[in-house]
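Visitor:
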Amino acid sequence: MRIVSSYSIKGGVGKTALSVNLAYALQQAGKRTLLVDLDPQGAAAFFFRVSPAGKFDMELDDLTDAGLRRNIRESDYPGLDILPSNLAYRNFDLVLDRMRKSRKQLRWLLDELGTDYDCIVLDCPPNITLLSENVFRASNLILVPVIPTTLSERTLEQLFEFFGEMGLPTEILVPFFSMAQKRNRIHQDTIAHLPERFPMFLSTVIPFTVEVEKMGLRRMPVLAYGASLPIAQAYRALCKEIQERWDKT
Amino acid sequence: MESERVTWKNCQISAELEIEGLCAALEPTFGLRLSEPIRAKATFYDTFEWGLWFGESLLYQSGGQLRLCERDHDWIGDLRCAMPMGARHVPRFVREFPVGDLRTELKRLAGIRSLVRVARLSIREQSVELLNDTEKTVFRFDLTDFFADTDAPEPFYRLCHFRPLRGYEAEAARAIEILRTLGAREISAGPLAIFFHERGSTPRRYTLRPSFDLRTDLSVRETARRIICRILALARENETGIREDIDTEFLHDYRICMRKIRSVLSLIKGIYPDEKTTELKALFASYCEMTNPLRDLDVYLLARDEYAEMLPQPLRPSLEEIFRDFAKERRRALRKVVRHLGSADYRASMDEVERFFSTSTDLPETEVSQKPAGPLIAKRIYKRYRRIVKIERSLGSDSPDDVLHKVRIHCKKLRYLMEFFSELLPSGETEQIEKQLRRLQTCLGRFNDGSVQQRTLMDYWNRKRKEPCDHEALALSIGGLIALLNHGQQAERNRFHDTLDDFCSPQIARAVKAACLDPAKSADDSSQNSHAG
Chain P
6 MRIVSSYSIK GGVGKTALSV NLAYALQQAG KRTLLVDLDP QGAAAFFFRV
56 SPAGKFDMEL DDLTDAGLRR NIRESDYPGL DILPSNLAYR NFDLVLDRMR
106 KSRKQLRWLL DELGTDYDCI VLDCPPNITL LSENVFRASN LILVPVIPTT
156 LSERTLEQLF EFFGEMGLPT EILVPFFSMA QKRNRIHQDT IAHLPERFPM
206 FLSTVIPFTV EVEKMGLRRM PVLAYGASLP IAQAYRALCK EIQERWDKT
Chain L
1331 MESERVTWKN CQISAELEIE GLCAALEPTF GLRLSEPIRA KATFYDTFEW
1381 GLWFGESLLY QSGGQLRLCE RDHDWIGDLR CAMPMGARHV PRFVREFPVG
1431 DLRTELKRLA GIRSLVRVAR LSIREQSVEL LNDTEKTVFR FDLTDFFADT
1481 DAPEPFYRLC HFRPLRGYEA EAARAIEILR TLGAREISAG PLAIFFHERG
1531 STPRRYTLRP SFDLRTDLSV RETARRIICR ILALARENET GIREDIDTEF
1581 LHDYRICMRK IRSVLSLIKG IYPDEKTTEL KALFASYCEM TNPLRDLDVY
1631 LLARDEYAEM LPQPLRPSLE EIFRDFAKER RRALRKVVRH LGSADYRASM
1681 DEVERFFSTS TDLPETEVSQ KPAGPLIAKR IYKRYRRIVK IERSLGSDSP
1731 DDVLHKVRIH CKKLRYLMEF FSELLPSGET EQIEKQLRRL QTCLGRFNDG
1781 SVQQRTLMDY WNRKRKEPCD HEALALSIGG LIALLNHGQQ AERNRFHDTL
1831 DDFCSPQIAR AVKAACLDPA KSADDSSQNS HAG
């Protein structure tokens, strides 16, 4: 079982669009996949028409694999399950905080669930919190969408520094360019030069397009309804690259 | 409702209900999405003995594939193995399949019996998705309609296979409840079972060892009548298979039945007055004799691959020639048997025999005919066993083949005695005895086959040497085969001494004694035990 996360310190960078399409691509490749929506906004589950799972009491006793299992919902695509987000995740940090060895708690939980799945995709909330740290320690790969602006270089640096300080392995960080605009000179310059400093960048660039917004109207991954669209082609290429990277680790 | 959800993986629903009616009932609660119906045809195969069906398997050809599956609710279950194959090319015999998983599995299930078409169905499948108000799928089911013929207008059966989604258990329960109000019910018999039932061809277990419904206090004559009547019916069941030449086992079983009937008549003397017994024995012997040449040739042709493997490559071409001749002779022999079985004489004689055994006869009683069968049979079994032990004591490794032949005949008689009357003997003891007896018989059977095969090959050579053909090559092959068969036969002979030793061991002797010397008491004991248990 592999765990791959979609994570960014900043919000609105195409993180959820990646999780949703990656989870779908893995299902299509015949992998039993669980998409865990850790973002309180619940956007990932929304794209699969899965509503929040009733009252999900994030009490200490309930944060067990049985507690999580109870809330898993099968998507419309057999082999792809969703663990929907819940507003109670807001307290996730508090719950984790109360537990000993709390930095590895998520990994243990996911290992328990892992018997049912080949891959688990985590859609993470922005910011660096105790939950994010749990995500870092649980993941085999962390995919980081980067909008190619001048500011993004700084954000990426911060993430690598944080990994350094916490003694986390930086080689699991996999950045890629997201929401890139062809006619934007700054975007094009960043795409050309940033990988010189961060050679682990994936070569596929996800373009900016309104199609990603339309995913919200259709409530399904763009890969599922618009396979021939350029954005779908980009996601397919990206997923392929991710799996290749994954096979190397 | 909770338990319903767990146990119902699928259900049966009235085939008369239109899909529109089904939708109308579900629509107030769920959104609906229907797939385009798919149509397919499938042809199912099994053997006369239903070896696949009772091996919990199904073999079917559909869409250019031949598939072997589990039998699940009398329908196609999990796939075990498959191979590409068109409907016209399904081989009749397992030995004609290419080497692989499918052949291995089929060999286990069908043996040397022919695969015959048992059903040809047409299927229409449509899946239905139930949606909630956000158009998320919350429950799925597949409706499969079964048509008894490729162009039957109405289905004879409708199966509804549930595909619930994880985390939507409440919705599944609601959907199943609606289907239940439409008459959905748990599956008692699956589509194929219904199909066979409606055609009057329900799979039934076939055995050459049926139960005869005997009791120790029944008279000798009535006991014999019950056994013969049942075996005669079995023999007749095989006639069609012989006439249609479906496979070699029909004739094989037919002959076994005839031989068994003759044995019943000779194992207990005095069932009928002597002249009647002689007449009946001669009659059943004649039924068998008619088929002797065909059976001999069957045995040869079945051993074809075995023979080919025995000989080195350069000698095989003349073997091919031998088998071509045998196959030609077999065609002739078969025609004779078919003519015989279809003849008015045979049918009249069979009808008369059946009538004779179907009710009690008014022939004069003999000294033993009205005695209770139980004690008499037990004494016979014991006596027969003692005779084998006596021969074993006088036996040396250089004893002539005739002695082995004698032991074989005694064993056969003992085996039939035990088989026919096993219902009258305490079961615990007889199993052990029969097991040892089977081992001994297998060994003696092989020894005897060896003699017959060598003799037949010599006869064949004596015929062929007078005809124009490549005598040298033929002599080489036949000589090689005879030498190898003789060698195998000697190995069997060595094995025979060990097996016979085991069969005459004090342990088996004790078991025979316990089963036979006071069978009434033993049988009573065992029946009491079973009541107590």
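In order, the protein sequences belong to chains P and L.
Position one of the first sequence corresponds to residue 6 (this note's numbering), numbered consecutively onward.
Position one of the second sequence corresponds to residue 1331 (this note's numbering), numbered consecutively onward.
Note that beta-carbon positions come from the ideal geometry of N, C-alpha and C, so glycine has one too.
The structure presented is a predicted model; accordingly, all values stated were derived computationally and were not measured.
#1: Only counting the same chain, and skipping five residues up and downstream in sequence, which positions put a Cβ closer than 6 angstroms to that of L:Ile1561?
#2: Mind reading off the beta-carbon distance from P:Ser80 to P:Phe53? Whole number of angstroms is fine, and I expect it under 8 angstroms.
#3: L:Ile1808: which of L:Pro1798, L:Arg1785 and L:Glu1722 sits nearest, CA to CA?
#4: Per DSSP, what are the beta-bridge partners of L:Gln1391 in this structure?
#5: Measuring only the C-alpha atoms, how far is L:Ser1781 from L:Gly1704?
#6: Taking 7 angstroms as the threshold (beta carbon to beta carbon), is P:Glu79 in contact with chain L?
#7: Closer than 6 angstroms by C-beta to L:His1403: which residues in its own chain qualify, once you throw out the five before and the five after it? Chain order, please.
#8: Would you report the Cα separation of L:Glu1579 and L:Pro1358, rounded to the nearest angstrom?
#9: Using a Cβ cut-off of 8 angstroms, pull out every chain P residue sitting near L:Leu1364, in sequence order please.
#10: Starting from L:Glu1465, find everything on chain P with Cβ-Cβ shorter than 7 angstroms and list it in chain order.
#11: Taking the alpha carbon of L:Ala1345 as the point to measure from, which residue in L:Glu1650, L:Leu1439, L:Asp1475 and L:Ile1721 has its own alpha carbon closest?
#12: My parser needs the alpha helix (DSSP H) runs of 4 or more residues fully inside the region 1483-1513 of chain L; what are they?
#13: Check the Cβ-Cβ distances between L:Leu1460 and every residue of chain P, and say whether any is below 7 angstroms.
#14: How many angstroms separate the CA atom of L:Leu1671 from the CA atom of L:Cys1559?
#15: Note down, in chain order, every chain L residue with its Cβ under 7 angstroms from the Cβ of P:Asp42.
#16: Does DSSP classify P:Pro45 as helix, strand or coil?
#17: Just curious, the beta strand (DSSP E) that P:Met184 is in, first and last residue?
#18: Please identify, using Cβ separations under 9 angstroms, the residues of the region 1489-1514 of chain L that lie next to chain P, in order along the chain.
#19: Drop a sphere of 10 angstroms on the beta-carbon of L:Asn1568, count the other beta-carbons inside from all chains shown, and report buried for 16 or more, exposed for fewer.
#20: Whole angstroms are fine: how far does the CA of L:Trp1791 sit from the CA of L:Arg1661?
#21: With DSSP collapsed to three states, give me the class of L:Thr1537.
#22: With C-beta atoms as the reference, is L:Leu1815 less than 7 angstroms away from L:Gln1783?
#23: To the nearest angstrom, report how far apart L:Pro1798 and L:Thr1377 are at their CA atoms.
#24: Are P:Leu127 and P:Leu43 closer than 7 angstroms when you measure CB to CB?
#25: In this structure, how does DSSP classify P:Leu40 when only helix, strand and coil are distinguished?
#26: Below 8 angstroms, how does it come out for the region 1706-1716 of chain L and the region 1669-1689 of chain L: are there three or more Cβ pairs, yes or no?
#27: Tell whether a beta-carbon distance below 7 angstroms holds between L:Arg1443 and L:Asp1547.
#28: Since P:Asp128 meets chain L, which of its residues come closer than 7 angstroms, beta carbon to beta carbon?
#29: In chain L, which residues lie less than 8 angstroms from P:Asp123 when you measure between Cβ atoms?
#30: Rounded to the nearest angstrom, what separates L:Leu1681 and L:Glu1753 at their Cα positions?
#31: Relative to the alpha-carbon of P:Val9, which residue among P:Leu148, P:Glu138, P:Arg188 and P:Phe181 has its alpha-carbon at the smallest distance?
#32: I need the DSSP call for P:Leu65, collapsed to helix, strand or coil.
#33: Start and end of the alpha helix (DSSP H) containing L:Asn1622?
#34: Determine contact between the region 134-143 of chain P and the region 108-115 of chain P, defined as no fewer than three beta-carbon pairs at a distance below 8 angstroms.
#35: To which residues of the same chain is P:Val18 closer than 8 angstroms at the C-beta, ignoring the five residues directly before and after it?
#36: From the DSSP output, in three-state form, read off P:Gly119 for me.
Guide: Per the coordinate set shown:
#1: For the purposes of this step, residue 1561 of chain L is identified with residue 231 of the second sequence, where counting begins at 1. Hits under 6 angstroms: Cys1587, Lys1590 and Ile1591.
#2: By one-based count along the first sequence, residue 80 of chain P stands at place 75. By one-based count along the first sequence, residue 53 of chain P stands at place 48. The C-beta separation of P:Ser80 from P:Phe53 comes to about 5 angstroms, placing the pair in contact by the 8 angstroms criterion.
#3: Here residue 1808 of chain L is taken as the residue at index 478 of the second sequence, counted from 1. Taking each of L:Pro1798, L:Arg1785 and L:Glu1722 in turn and checking the Cα distance to L:Ile1808, the smallest one comes out for L:Arg1785.
#4: Numbered from its first residue, the second sequence carries residue 1391 of chain L at position 61. Bridge partners of L:Gln1391 according to DSSP: L:Thr1373 and L:Leu1396.
#5: The sequence position of residue 1781 of chain L within the second sequence is 451, counting from 1. The sequence position of residue 1704 of chain L within the second sequence is 374, counting from 1. Answer to the nearest angstrom: the Cα atoms are 37 angstroms apart.
#6: Within the first sequence, the letter at position 74 stands for residue 79 of chain P. For P:Glu79, the closest Cβ of chain L is nearer than 7 angstroms.
#7: Taking the first residue of the second sequence as position 1, residue 1403 of chain L is located at position 73. If we look at L:His1403 and ignore the five residues flanking it on each side, its Cβ neighbours are Ile1517 and Gly1520.
#8: Taking the first residue of the second sequence as 1, we reach residue 1579 of chain L at position 249. Taking the first residue of the second sequence as 1, we reach residue 1358 of chain L at position 28. L:Glu1579 and L:Pro1358: Cα-Cα distance of roughly 60 angstroms.
#9: What you label residue 1364 of chain L is simply residue 34 of the second sequence in a count that begins at 1. Neighbours of L:Leu1364 on chain P: none; closest Cβ ~15 angstroms, over 8 angstroms.
#10: On the second sequence, position 135 is the one that residue 1465 of chain L refers to. Near L:Glu1465 (Cβ distances below 7 angstroms), the residues of chain P are Arg54.
#11: On the second sequence, position 15 is the one that residue 1345 of chain L refers to. Taking only the C-alpha atoms, the option nearest L:Ala1345 is L:Asp1475.
#12: If only complete runs of 4 or more residues are kept, the region 1483-1513 of chain L shows the alpha helix (DSSP H) at 1499-1511, in order along the chain.
#13: Here residue 1460 of chain L is taken as the residue at index 130 of the second sequence, counted from 1. So, not an interface residue.
#14: As a first step, residue 1671 of chain L is located in the second sequence; it is residue number 341 there, counting from the start. As a first step, residue 1559 of chain L is located in the second sequence; it is residue number 229 there, counting from the start. Each residue's alpha carbon lies about 19 angstroms from the other.
#15: For the purposes of this step, residue 42 of chain P is taken as the residue at position 37 of the first sequence. Those within 7 angstroms of P:Asp42 in chain L number zero; the least Cβ separation is about 13 angstroms.
#16: Indexing the first sequence from 1 puts residue 45 of chain P at position 40. Coil, per DSSP.
#17: Reading the first sequence from its first residue, position 179 is the one you call residue 184 of chain P. Where P:Met184 is concerned, the enclosing beta strand (DSSP E) starts and stops at Leu178 to Ala185.
#18: Taken in chain order, the members of the region 1489-1514 of chain L whose beta-carbon sits within less than 9 angstroms of a beta-carbon on chain P are Arg1493, Pro1494, Leu1495, Arg1496, Gly1497 and Tyr1498.
#19: Numbered from its first residue, the second sequence carries residue 1568 of chain L at position 238. Under this definition L:Asn1568 is a buried residue.
#20: Numbered from 1 along the second sequence, position 331 holds the residue referred to as residue 1661 of chain L. Numbered from 1 along the second sequence, position 461 holds the residue referred to as residue 1791 of chain L. Counting only the Cα atoms, L:Trp1791 lies some 20 angstroms from L:Arg1661.
#21: Numbered from its first residue, the second sequence carries residue 1537 of chain L at position 207. Looking at L:Thr1537 - three-state DSSP - the assignment turns out to be coil, as it is neither helix nor strand.
#22: Mapped onto the second sequence, residue 1815 of chain L falls at position 485. Mapped onto the second sequence, residue 1783 of chain L falls at position 453. Against a cut-off of 7 angstroms, the Cβ pair of L:Gln1783 and L:Leu1815 comes out as a contact.
#23: For the purposes of this step, residue 1798 of chain L is identified with residue 468 of the second sequence, where counting begins at 1. For the purposes of this step, residue 1377 of chain L is identified with residue 47 of the second sequence, where counting begins at 1. For the pair L:Pro1798 and L:Thr1377, the Cα-to-Cα distance works out to about 42 angstroms.
#24: In the first sequence, residue 127 of chain P corresponds to position 122, counting from 1. In the first sequence, residue 43 of chain P corresponds to position 38, counting from 1. It is a contact, given that the beta carbons lie within the stated cut-off.
#25: Counting from one through the first sequence, the residue named residue 40 of chain P turns up at place 35. The three-state reading of DSSP puts P:Leu40 in strand, counting E and B together.
#26: As far as the Cβ criterion goes, the region 1706-1716 of chain L does not touch the region 1669-1689 of chain L, which means the pair count is below three.
#27: Position 113 of the second sequence, counted from the first residue, corresponds to residue 1443 of chain L. Position 217 of the second sequence, counted from the first residue, corresponds to residue 1547 of chain L. At a Cβ-Cβ threshold of 7 angstroms, L:Arg1443 and L:Asp1547 do not count as neighbours.
#28: Here residue 128 of chain P refers to the residue found at position 123 of the first sequence. Ordered by position in chain L, no residue passes the 7 angstroms Cβ test against P:Asp128, which lies about 18 angstroms from the chain.
#29: Counting from 1 along the first sequence, the entry for residue 123 of chain P is found at position 118. Result: empty, since nearest Cβ-Cβ is about 16 angstroms, beyond 8 angstroms.
#30: Walking along the second sequence from the start, residue 1681 of chain L turns up at place 351. Walking along the second sequence from the start, residue 1753 of chain L turns up at place 423. In the sequence under discussion, the amino acid at residue 1681 of chain L is Asp, which differs from the Leu named in the question. Near 28 angstroms, if we compare the C-alpha coordinates of L:Glu1753 and L:Asp1681.
#31: Taking the first sequence and counting its residues from 1, one reaches residue 9 of chain P at position 4. P:Val9 has its Cα closest to that of P:Leu148, out of P:Leu148, P:Glu138, P:Arg188 and P:Phe181.
#32: Residue 65 of chain P sits at position 60 when you count from the first residue of the first sequence. Bear in mind that a pLDDT of 49 at P:Leu65, under 50, signals an unreliable position, so the model cannot answer this.
#33: Numbered from 1 along the second sequence, position 292 holds the residue referred to as residue 1622 of chain L. Asn1622 to Leu1632 is the span of the alpha helix (DSSP H), which, as asked, contains L:Asn1622.
#34: They touch, by the three-pair rule.
#35: Position 13 of the first sequence, counted from the first residue, corresponds to residue 18 of chain P. Non-local C-beta neighbours of P:Val18 in its own chain, meaning closer than 8 angstroms and more than five positions away in sequence, comprise Pro150, Val151, Ile152, Ser183 and Met184, ordered along the chain.
#36: Taking the first residue of the first sequence as position 1, residue 119 of chain P is located at position 114. Helix.
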